[in-house]
Every structure is written in structure tokens, then in C-alpha cells.
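So the sequences go chain by chain: A and B. Letter by letter, the first sequence follows residues 1 to 222 in the numbering used here. Letter by letter, the second sequence follows residues 1001 to 1277 in the numbering used here. Built from N, CA and C at the ideal position, the CB exists for glycine as well. Each remark here refers to the structure printed beneath this line.
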Amino acid sequence: MMRAFFLTIRRDLRLALRQGADSIMVVMFFVLTAVLFPFGVGPELNILARIAAGVIWVGALLASMLSLERLFQADYEDGSLELLALTPTPLGVIVLAKVCAHWLTTGLPLIIASPLLAVLLNMSSDGFGVMLIALLLGTPSLSLIGSIGAALILGARRGGVLLSLLVLPLYVPVLIFGVGAVDAAIGGFEVKAQLFILGGIFLATLPLAPIGAAAALRQALE
Amino acid sequence: MEPGRSPPLPYPLITTDADPQRPGFSPNQAATYFGCFRVAFICYTSTQDFLRVLNFMTTFSGHDLSCIRGERLVFQGLNFAIEAGDALVLVGPNGSGKSSLLRVMAGLLKPATGQLAWNGEPVNDDPEEHRGRLHYVGHHDAIKPVLTVSENIAFWAGLHAGENDAEVAVEKALDILSIPHLAEIPGRFLSAGQKRRANLARIFAAPAPVWLLDEPTTALDKASIAKLEEALAEHRAGGGMVILSTHMDVALENPKTLDLAEFTVPLTPLEAGDMML
Chain A
1 MMRAFFLTIR
11 RDLRLALRQG
21 ADSIMVVMFF
31 VLTAVLFPFG
41 VGPELNILAR
51 IAAGVIWVGA
61 LLASMLSLER
71 LFQADYEDGS
81 LELLALTPTP
91 LGVIVLAKVC
101 AHWLTTGLPL
111 IIASPLLAVL
121 LNMSSDGFGV
131 MLIALLLGTP
141 SLSLIGSIGA
151 ALILGARRGG
161 VLLSLLVLPL
171 YVPVLIFGVG
181 AVDAAIGGFE
191 VKAQLFILGG
201 IFLATLPLAP
211 IGAAAALRQA
221 LE
Chain B
1001 MEPGRSPPLP
1011 YPLITTDADP
1021 QRPGFSPNQA
1031 ATYFGCFRVA
1041 FICYTSTQDF
1051 LRVLNFMTTF
1061 SGHDLSCIRG
1071 ERLVFQGLNF
1081 AIEAGDALVL
1091 VGPNGSGKSS
1101 LLRVMAGLLK
1111 PATGQLAWNG
1121 EPVNDDPEEH
1131 RGRLHYVGHH
1141 DAIKPVLTVS
1151 ENIAFWAGLH
1161 AGENDAEVAV
1171 EKALDILSIP
1181 HLAEIPGRFL
1191 SAGQKRRANL
1201 ARIFAAPAPV
1211 WLLDEPTTAL
1221 DKASIAKLEE
1231 ALAEHRAGGG
1241 MVILSTHMDV
1251 ALENPKTLDL
1261 AEFTVPLTPL
1271 EAGDMML
């Protein structure tokens, strides 16, 4: 089972690496959305510093969703998904492996790019560390929750729009506590509570999301 | 605790020296007991082996299967049973449910009624074990355009075969279809027939007793079909089962045939009208 898990991660990473552009595009999208804000709200440093955490989190949310549509779509179209569902490994394990690969190719680059954006948006340096920890705890939950949506939209026309309608409302708790943690750190308050809740969300979605996504995939394959 | 004042135990103990004053077993008695257990255990395992030998004809069967696709009953009351070494050819006109039946057998599709059984035991009891003993070739070739042929095959073989040496198995599988020259070619450069051959090589690379092949000869040239026939014969000689649907003639030694036209449910004019709407 572990073997199948790592084989699937390796294959998906290899696919992402050879197709290359996908994960770079996600990071570029993330950076560009954040860069647009100073143009929109004006170059007033106080305002930018005030909204920096929110902008970075919303950007991360949208960027991670942008790539979710392709999570199962390519495998669904070329018949690989059928074969993945027919291996002796439980489908949930395969889903978890695919989600891990998705996070490694999109979530992790976002986290690496986020300090740069924080500087661009004049965020107080007190919030940097907490922002990184909050993103580390929060983005895997985004990939996990998104995998259920990505499995549900298989076979639907205009799946991308449908996916955002399904998944964005579920992202709200992660957004609230993610931004809350950074704001608290900048204000000099205790951030433990928010980080614990982010960790709790991650731990809850870790076993539940693959089960849900696997059930949705079986439905899509019928 | 002081020596000699140990309280009497309510259960027997194995003592190291035979002491008639204390309750328990002497080593001799214990050995006899263990001996009895060993004999019983050997009897038990050998009976199991014997039953297994009696049972050596593995069977794969389906009972009273029916399938609904898009609110239409495709077939109903379908029974089949094959044994190790058998080949079952599904025939019938387009839309008679050959592919659906293969997907039901693979477990991708739940039958509306009836159940599949392996050696008489329902497959649903352990779907993972069932998936482990079958290979399915569908309409799609599942070849990733950016991975080389051998990477594609090695991935599937690795998921199925467990600890085997994947590279050797992949080489062997490519040899069977005489496409070793394609090993390092990325999937996007393959023709339809080459993709199909790479997909078939996938099932040769990891052993599994049941092969479910949906139109395996599509896009194959005559020479490749001959290789496939050889491979099928070899698989059956090794105690494997083959179930395939085909419009082309695939040469198989005394195959069983299942005509799905016998089990299709004719559309009433009313339903047919509904479908046209």
C-alpha cells in the first residue's frame, strides 16, 4: 500500500515536472493577483499593510483552486483513472497520493513565493513567520478539500466554474483562521488558537477528504 | 513474598521441577499437551491443503446479472461461469452490453441485480482482492504523453505486482509484443496501434489470473494480433482466464461464447420514443 502511494506520488511529480508550465503558471497567477492590489487600492502603505494578509491568503486560495480542476481530469480523459480504481490499493490511498503531489507542485511553491509578496504589500515583518506556518498548515487542507470538488466535477461541462462554486465556500474557515493568525501576530497577540484550529482542520480533512473523493470518483466512473 | 508461602493458584502452572505438592503440569505433561496441539495443527493444515487440491479448478462466475445504463435495462438474467484456462468471448451487436458486462466483471460498474463469485464466494466480500486478480483493457489506452512507454508500463506493473523487479518485467512484456524499440519513446509520439500495444504490454508485465479485454484488437495490425493470440494461449495454458469482447476474429482454442443478444431487453416503442427525445 505504501509502495503504491509513493509510486503514484513519483509518477504525478514526474508528470508535473515534464509538463512544467502548470505549476509555474499557478505561482505566476498568485504573484500577479497580489501585485494587482496596489494598483487597485492605491499605493498607500498603511492600507496595503492592513490588507496584506488577506490578499495573500485569497490569492493562495484562488491559485490552488485554479490547478485543482486538472487534478483528476487528465487521468479521467485518458482512461488512467479507471485503471487506478482497479488496482488492489484502496482508491482513497491513491487519491491521497495525488493530493500530496498536487500540494508539492502548487502549495509549496506558493508558500515559497509568499514572503516576496508580503514584502511587496508592506506587511509588518512580525507576521512573516506566522504567515509561513499558517500557510504550511492551511494549504494542504485546501488541496484536500479541493480534491472532493475535483472528483465531483468529472464529466461535467464547464467544470472549472462548478468547482469554484462547490469548493470556495468550504475554504472559508481556512481563510478566516489563516488571516486571523497573521493579523494576531502583527498586533502582538497570541496566535496559538488560530494555528491549532488550522492544524485541526488539516487533521480532520486528511482522512475524510480522500474517502469522500474516492467515493465521488467511483460514481464518476460508473 | 516469602518462599514456601505462595498462595495456591486457581489455574494450573507449568513448573520447572516435578513437585507433587504443588498443582500444575510436569514438563512431561506439558510436552504431551503441546504435542497434541502440534498434531492437531498439522492435521488442520494438511486438511486445508487437501481441500485446496480438490478445489484446484478456480471458477469465476456471475449469477442473474442485470445492468442499467441511463435508465435503460441493457441486459438481464445473465449467467456465466468459467474455469481456469477458459476463454469467454462476448459477442452481440453494438449496444448489447458487452462493454458494460466487462465493466461489471471488473467491478467498475455495480450490477443492478445479481452478483459475481470467485470460487463460489461473492466478490463483494473483498473487492480489493478481486481487483488484484484482474487486468482490464478498456477503450482508452491510458498512455501518458509525457512519460516513455517503459515508464508508463512500469508504473502500472508496480501498482499491481508488488515487490517484483519491474524493469525486467517491463522488458519481457515489450518483447512479447515485439516493441522493445519503443521503450524510451514518449507516449505522445506513438501511433494508435503502438499505443494499443503499449497498453497490452501493461497486462503482460504483472501477473493476474483474469484478463478482461474490451476490443483488444482495435487498431492492431495482423502481426500484432498473432502475437496477442500467442500470449492469450500462453496465459490460458498457465491457468489464466480470458474474457474478451471482439468484432474481429481472434483465434482461440475452443472458446466459450456468450451472445449478449439473448439477454438484451427489447425496447418498447414508448421507451424508444423517450430515448429519441
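Item: Residue burial classification, Lys1098(B) (beta-carbon count within 10 angstroms, cutoff 16); Value: buried
Item: Proximal residues, the stretch 1096 to 1129 of chain B versus chain A, C-beta separation under 8 Å; Value: Ala1106, Gly1107, Leu1108, Leu1109, Lys1110, Glu1128 and Glu1129
Item: One or two residues paired with Arg1069(B) in a DSSP bridge; Value: Arg1072(B)
Item: Cβ-based burial, Glu222(A) [other Cβ within 10 Å; buried from 16]; Value: exposed
Item: Partner residues on chain B for Glu69(A), Cβ-Cβ distance less than 9 Å; Value: Near Glu69(A) there are no residues of chain B at all, since even the closest Cβ is about 18 Å away, more than 9 Å.
Item: Where the beta strand (DSSP E) containing His953(B) begins and where it ends; Value: Because chain B spans 1001 through 1277 in this model, residue 953(B) falls outside it and cannot be assessed.
Item: Identified DSSP bridge partners for Ile177(A); Value: The sequence shown places Phe at residue 177(A), not Ile. Paired residue(s): none; Phe177(A) is not in a bridge.
Item: Chain-order list of residues whose beta-carbon lies under 8 Å from that of Leu1260(B) (same chain, five-residue window excluded); Value: Phe1075, Leu1078, Leu1090, Val1091, Gly1092, Ser1096, Gly1097, Lys1098 and Leu1101
Item: From Gln219(A), Ala213(A), Arg218(A) and Asp78(A), residue whose alpha carbon lies closest to that of Ala97(A); Value: Ala213(A)
Item: Residue span of the alpha helix (DSSP H) that contains Thr8(A), given as start and end; Value: Met2 to Gln19
Item: Segment contact, 8 Å Cβ cut-off, at least three pairs: the stretch 1165 to 1176 of chain B with the stretch 34 to 41 of chain A; Value: no
Item: Supposed contact pair Leu154(A) and Phe72(A) - C-beta distance, whole angstroms, cut 8 Å; Value: 6 Å
Item: Under 8 Å from the C-beta of Gly79(A): neighbouring residues of chain B; Value: Gly1138, His1139, His1140, Asp1141 and Ala1142
Item: Within chain B, the residues that Gln19(A) reaches when beta carbons sit closer than 8 Å; Value: Val1146
Item: Proximal residues to Glu69(A) (C-beta, below 8 Å), its chain only, five neighbours per side dropped; Value: Ala150, Ile153, Gly159, Gly160 and Leu163
Item: Segment contact, 8 Å Cβ cut-off, at least three pairs: the stretch 1169 to 1177 of chain B with the stretch 1126 to 1143 of chain B; Value: no
Item: Assumed close pair His102(A), Ser80(A) - CB separation to whole angstroms, cut-off 8 Å; Value: Going by Cβ atoms, the distance from His102(A) to Ser80(A) rounds to 15 Å, so no, they are not a contact pair.
Item: Where Lys1227(B) falls, given that 16 or more other Cβ within 10 Å makes a residue buried; Value: buried
Item: Nearest neighbour of Ala1305(B), chosen from Leu1065(B), Glu1071(B) and Glu1151(B) [CA to CA]; Value: Given a span of 1001 to 1277 for chain B in the structure shown, any question on residue 1305(B) remains unanswerable.
Item: Ala156(A) (DSSP reduced to helix, strand or coil); Value: coil
Item: Contact set for Val1053(B): own chain, Cβ-Cβ below 8 Å, skip 5 residues either direction; Value: Residue placement at Val1053(B) cannot be trusted, given a pLDDT of 48 that sits under 50; the coordinates are not used to answer.
Item: Exposure label - Gln194(A); buried when at least 16 CB within 10 Å; Value: buried
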